[in-house]
Amino acid sequence: MAIYNSILETIGRTPIVKLNRIAPKHVSVYVKVESFNPGGSVKDRLALSVVLDAEAKGLLKPGDTIAECTSGNVGIALAMVAAARGYRFVAIMADSYSMERRKLIRAYGGKIILFPAELGSSGGNKIADELAQKYGWFRARQFDNPANPAFHRETTAAEILSDFAGKRLDFFVTGFGTTGTLTGVGQMLKLARPHVRIVATEPENAAVLSGKPWAIHQIQGWAPNFVPSVLDKNVIDHLMTINEVVGRDTARRLAAEEGIFAGISAGATLASALKVAETAEEGSVLLVMLPDTGERYLSTFLMEGTNEGSDDDWLASQNSEIGAS
Ligand code: PMP
0 MAIYNSILET
10 IGRTPIVKLN
20 RIAPKHVSVY
30 VKVESFNPGG
40 SVKDRLALSV
50 VLDAEAKGLL
60 KPGDTIAECT
70 SGNVGIALAM
80 VAAARGYRFV
90 AIMADSYSME
100 RRKLIRAYGG
110 KIILFPAELG
120 SSGGNKIADE
130 LAQKYGWFRA
140 RQFDNPANPA
150 FHRETTAAEI
160 LSDFAGKRLD
170 FFVTGFGTTG
180 TLTGVGQMLK
190 LARPHVRIVA
200 TEPENAAVLS
210 GKPWAIHQIQ
220 GWAPNFVPSV
230 LDKNVIDHLM
240 TINEVVGRDT
250 ARRLAAEEGI
260 FAGISAGATL
270 ASALKVAETA
280 EEGSVLLVML
290 PDTGERYLST
300 FLMEGTNEGS
310 DDDWLASQNS
320 EIGAS
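Numbering (numbering that gives the first Met the number 0), first residue to last: 0 to 324.
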């Protein structure tokens with residue numbers, strides 16, 4: 000613990016935590032909990048890197064407007080970084096993303112322009128380009144900006160290498176949106192720990208890297224409808240798909256059985272890792288990325304069907320447990 004000069008200094012250095020109840024006994028499963036970032040997600044890293052890079056290149060001056068087409072987490076992160084460093088921020092966002100995301104961006108003083116989800120990220124990026132051109136806004140370009148994977152090489156990967164120095168690590172499991180995490184961490188692990196298998200996972204109903212057609216899916220933050228230019232395909236040892244309901248249910252289990260409330264993509268990544276674990280040899284060690292907090296999805300299918308009233312049925316069931324009527 001320390002005293003910081005800005006909230007932005009608290010980005011990164013997220014904890015790696017062992018799962019004690021969900022993991023099968025023959026392996027060890029660790030999770031990197033990105034909700035410990037001040038903006039609640041892994042995307043704080045991207046936002047800070049893009050802004051620092053643009054400042055260094057003289058592309059941003061105080062009071063300028065930053066614009067980005069975002070699934071939400073980048074918008075929240077950029078809104079936070081913009082607030083802390085004296086910029087304005089506009090998110091261009093599909094209308095299918097959760098209400099929490101819109102409210103958080105507005106809490107940080109950001110603006111939001113919605114577009115129909117059917118247009119996909121490629122359509123949203125076109126709108127963002129046109130608006131930025133017209134109004135002179137700075138585009139973060141998370142899907143193409145080399146500062147994105149670069150920051151994951153320098154921070155996320157460096158943290159993993161340092162935390163696992165001298166320790167066994169067999170699998171690194173991650174999903175992808177921009178592929179910044181996959182590419183950046185994958186490249187560094189390939190250099191420093193070449194025997195670590197890099198597992199990339201995508202929604203089974205939008206498995207673009209697996210060559211399947213894209214469809215609107217519920218794993219917010221994953222799988223845009225195109226292959227991002229920052230992707231380094233060479234880092235992927237194993238590409239797999241996961242069902243979004245299985246991912247959602249795994250996120251619920253992670254909260255209820257391990258006390259870690261993470262988002263839908265985190266649940267989907269963990270569900271993928273548990274599949275990898277099924278055939279992994281005795282003693283294998285897996286590291287799983289958990290990109291954000293579950294609190295970002297309280298209005299979505301993550302919490303669908305959960306009781307919002309009093310747990311009277313549960314209380315009644317307690318009578319039979321104590322033998323009362
Ligand atoms: N999960 C969530 C919830 C995200 O917001 C993102 C970023 N879009 C990712 C996963 C994927 O991270 P990356 O962009 O580094 O591939």
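Here a beta-carbon is modelled for each residue, glycine too, at the ideal position from N, C-alpha and C.
What do you reckon, is the C-beta of residue i under 7 Å from a heavy atom of the ligand PMP?
| i | result |
| --- | --- |
| Gly109 | no |
| Val41 | yes |
| Phe175 | yes |
| Trp221 | yes |
| Asn72 | yes |
| Asp291 | yes |
| Gly266 | no |
| Gly179 | yes |
| Gly262 | yes |
My output table needs one value for residue i: the three-state DSSP class, helix, strand or coil.
| i | result |
| --- | --- |
| Asp52 | helix |
| Ile91 | strand |
| Pro148 | helix |
| Glu257 | helix |
| Ala66 | strand |
| Arg138 | strand |
| Ser209 | coil |
| Phe35 | helix |
| Ser97 | coil |
| Val80 | helix |
| Ala22 | coil |
| Ile112 | strand |
| Thr155 | helix |
| Lys17 | strand |
| Ala164 | coil |
| Val73 | helix |
| Ala199 | strand |
| Thr173 | strand |
| Tyr29 | strand |
| Ser40 | strand |
Hey, residue i and residue j: beta-carbon distance below 8 Å or not?
| i | j | result |
| --- | --- | --- |
| Ala272 | Val28 | yes |
| Asn224 | Gly119 | yes |
| His237 | Arg196 | yes |
| Thr154 | Arg84 | no |
| Ala81 | Ile65 | yes |
| Asp291 | Glu33 | yes |
| Gly135 | Ala93 | no |
| Ser209 | Thr182 | no |
| Val245 | Ala279 | no |
| Ile75 | Gly39 | yes |
| Glu257 | His216 | no |
| Ala149 | Ser48 | yes |
| Arg140 | Met187 | no |
| Val229 | Thr180 | no |
| Ala222 | Pro193 | no |
If residue i and residue j are in contact, beta carbons under 8 Å, what's the gap, nearest whole angstrom?
| i | j | result |
| --- | --- | --- |
| Ala199 | Ile235 | 5 Å |
| Lys17 | Leu289 | In fact, because the Cβ distance is near 13 Å, the residues do not count as touching under 8 Å. |
| Leu268 | Val172 | The sequence shown places Thr at residue 268, rather than the Leu named in the question. Correct: roughly 6 Å between the Cβ atoms. |
| Gly109 | Ala78 | 4 Å |
Please give me, in chain order, every unbroken run of the alpha helix (DSSP H) with length at least 4 that falls completely inside the region 217-294. Runs found: 243-257, 263-278.
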